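Accompanying notes for the structure given below.
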Amino acid sequence: MKIIDIVKGEKPSLSFEVFPPKTSDKFEIVQAATEKIASLKPSFMSVTYGAGGGTSEYTLSIAKDIQDNYGVPALAHLTCVNSTKEEVKARLEMLKKSGIENILALRGDITPENRDREKWDYHYANQLVEEIKASYEFCVGGACYPECHPESIHQKEDIANLKRKIDAGCEFLTTQMFFDNNVLYNFMYKIREAGITVPIVAGIMPVTNAKQIKRSCELSNCSLPQRFKTILDRYGDNPEAMKQAGIAYATDQIIDLFANGINAVHVYSMNKPDVAEKIQANISEIIK
Ligand code: FAD
Numbered sequence: 115m116k117i118i119d120i121v122k123g124e125k126p127s128l129s130f131e132v133f134p135p136k137t138s139d140k141f142e143i144v145q146a147a148t149e150k151i152a153s154l155k156p157s158f159m160s161v162t163y164g165a166g167g168g169t170s171e172y173t174l175s176i177a178k179d180i181q182d183n184y185g186v187p188a189l190a191h192l193t194c195v196n197s198t199k200e201e202v203k204a205r206l207e208m209l210k211k212s213g214i215e216n217i218l219a220l221r222g223d224i225t226p227e228n229r230d231r232e233k234w235d236y237h238y239a240n241q242l243v244e245e246i247k248a249s250y251e252f253c254v255g256g257a258c259y260p261e262c263h264p265e266s267i268h269q270k271e272d273i274a275n276l277k278r279k280i281d282a283g284c285e286f287l288t289t290q291m292f293f294d295n296n297v298l299y300n301f302m303y304k305i306r307e308a309g310i311t312v313p314i315v316a317g318i319m320p321v322t323n324a325k326q327i328k329r330s331c332e333l334s335n336c337s338l339p340q341r342f343k344t345i346l347d348r349y350g351d352n353p354e355a356m357k358q359a360g361i362a363y364a365t366d367q368i369i370d371l372f373a374n375g376i377n378a379v380h381v382y383s384m385n386k387p388d389v390a391e392k393i394q395a396n397i398s399e400i401i402k
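Residue numbers 115 to 402, in our numbering, belong to the letters of the sequence shown in order.
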């Protein structure tokens, strides 16, 4: 099933994300967690892709497992940084052959290892979107950043670049995590004004580890509202309390999003079936 047909509708959708293991010895643990999340029958599940090889081999097998054995539509992430056109083509052929219908087309992060831009076949995600759409039937989504991508000098420029991705054929956008829904509502206003009308899938991160989130927010240009910082300060050193508070905060955000007409929510469930299950249970009547 094409994800655009799930997220464009009036019915609220709830989806989860998993990430493949970095090493083969962890594969079975990740597979077990993935299968538990898939058995919750979310609207769809996404599987991330390691930009520099490593975990990338597992993206396909996990996505195929979710789809074939649990009947849950899979969204396979694909990055293009550091890849040649031939490598990308080979991967697209494998995805097609495996029955995967949906791709989240990404550039991938610039790291010290892949900084040598001269050698790249792809510089931005819009090039990958264009290439996929030129030769394949995949439903293609992309990423967007309600608080601006860290490489963009200002949001106007970032939104103009986002429009290129849409013009290349990107059918929906999944957001970077955010902890204040007003950030998303402001962003929605700006992108609609810029002529971007595709469905927006709101990315929500239930925070279960205070230290980790502070670091990843610094890297990803994501602000923490005072209400949330207070929770981190109070419960950050108590993992079980932090998990409970993180799930409650995420639930609160999700209910507010649905109430305000954002019909698609994607939970960064981080391979944690208990977190996915609790969030789903908290809104079971809302997504019925
Ligand atoms: P782009 O859309 O190419 O944008 C990157 C920057 O370049 C932005 O500043 C943009 O404004 C600018 N830009 C874009 N197009 C142009 C253009 N034509 N000309 C000039 N400037 C331009 N990373 C992974 O490695 N694996 C994953 O599975 C993964 N999943 C993700 C899922 C989501 C929902 C999100 C939000 C991010 C994910 N990432 C993942 C991280 C992502 O790869 C990084 O954020 C990366 O830095 C940007 O990727 P992008 O596809 O948004 O890039």
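All C-beta atoms in this analysis are idealised placements derived from N, C-alpha and C, irrespective of residue type, glycine included. Computed from a predicted model, the values in this text were never measured in an experiment.
Bounding residues of the beta strand (DSSP E) (the contiguous stretch that carries residue i)
i, result
"C253", "C253 to C258"
"E131", "S127 to V132"
"V312", "That residue, V312, is in no beta strand (DSSP E); it is neither H nor E in DSSP."
"T193", "A188 to T193"
"V381", "A378 to V381"
Extent of the continuous alpha helix (DSSP H) run through residue i
i, result
"S334", "A324 to S334"
"A390", "P387 to N396"
"I400", "Per DSSP, I400 belongs to no alpha helix (DSSP H) and is neither H nor E."
"N216", "Careful: N216 lies outside any alpha helix (DSSP H), inside the beta strand (DSSP E) at N216 to L220."
"T173", "S170 to Y184"
"M208", "K199 to K211"
"N196", "First-last for N196: undefined, no H or E at that position."
"A274", "Q269 to D281"
"S249", "A239 to S249"
"R341", "Q340 to Y349"
Where residue i sits in the DSSP three-state scheme
i, result
"V121", "helix"
"F293", "coil"
"V438", "Nothing can be reported for residue 438: it is not among the residues displayed for the chain, which extend from 115 to 402."
"G360", "helix"
"I151", "helix"
"I224", "coil"
"A316", "strand"
Cβ-Cβ distance between residue i and residue j below 9 Å
i, j, result
"M384", "E131", "yes"
"L298", "I376", "yes"
"D370", "N295", "yes"
"F286", "V315", "yes"
"G256", "A219", "yes"
"A152", "V186", "yes"
"V389", "P126", "no"
"P387", "S334", "no"
"V202", "I176", "no"
"A239", "I214", "no"
Residue i CB to nearest heavy atom of the ligand FAD below 8 Å
i, result
"K279", "yes"
"S266", "yes"
"T311", "no"
"I400", "no"
"D139", "no"
"C258", "yes"
"Y349", "no"
"S334", "yes"
"A324", "no"
"D370", "no"
"A239", "yes"
"N275", "yes"
"G283", "no"
"D223", "yes"
"E244", "no"
Residue i CB to nearest heavy atom of the ligand HEM below 8 Å
i, result
"D235", "With respect to small molecules bound, the structure shown includes the ligand FAD and not the ligand HEM."
Legend entry - At least 3 beta-carbon pairs within less than 8 Å: the segment 337 to 350 vs the segment 156 to 164: For the pair of segments examined, the segment 337 to 350 was found not to touch the segment 156 to 164: the number of CB pairs separated by less than 8 Å stays below three.
Inset, instruction - Could you tell me whether the segment 265 to 282 touches the segment 314 to 323, using the rule of 3 or more Cβ pairs below 8 Å? - result: No: the two stretches stay apart, fewer than three of their Cβ pairs being nearer than 8 Å.
Legend entry - Validate contact between the segment 393 to 402 and the segment 358 to 367 using beta carbons, cut 8 Å, 3 pairs: Judged by Cβ distances under 8 Å, the segment 393 to 402 makes contact with the segment 358 to 367, as three or more pairs qualify.
Inset, instruction - Spell out a yes or no on whether the segment 227 to 241 and the segment 182 to 196 are touching, meaning 3 or more CB-CB pairs, one atom from each, closer than 8 Å. - result: Yes: at least three Cβ pairs fall under 8 Å.
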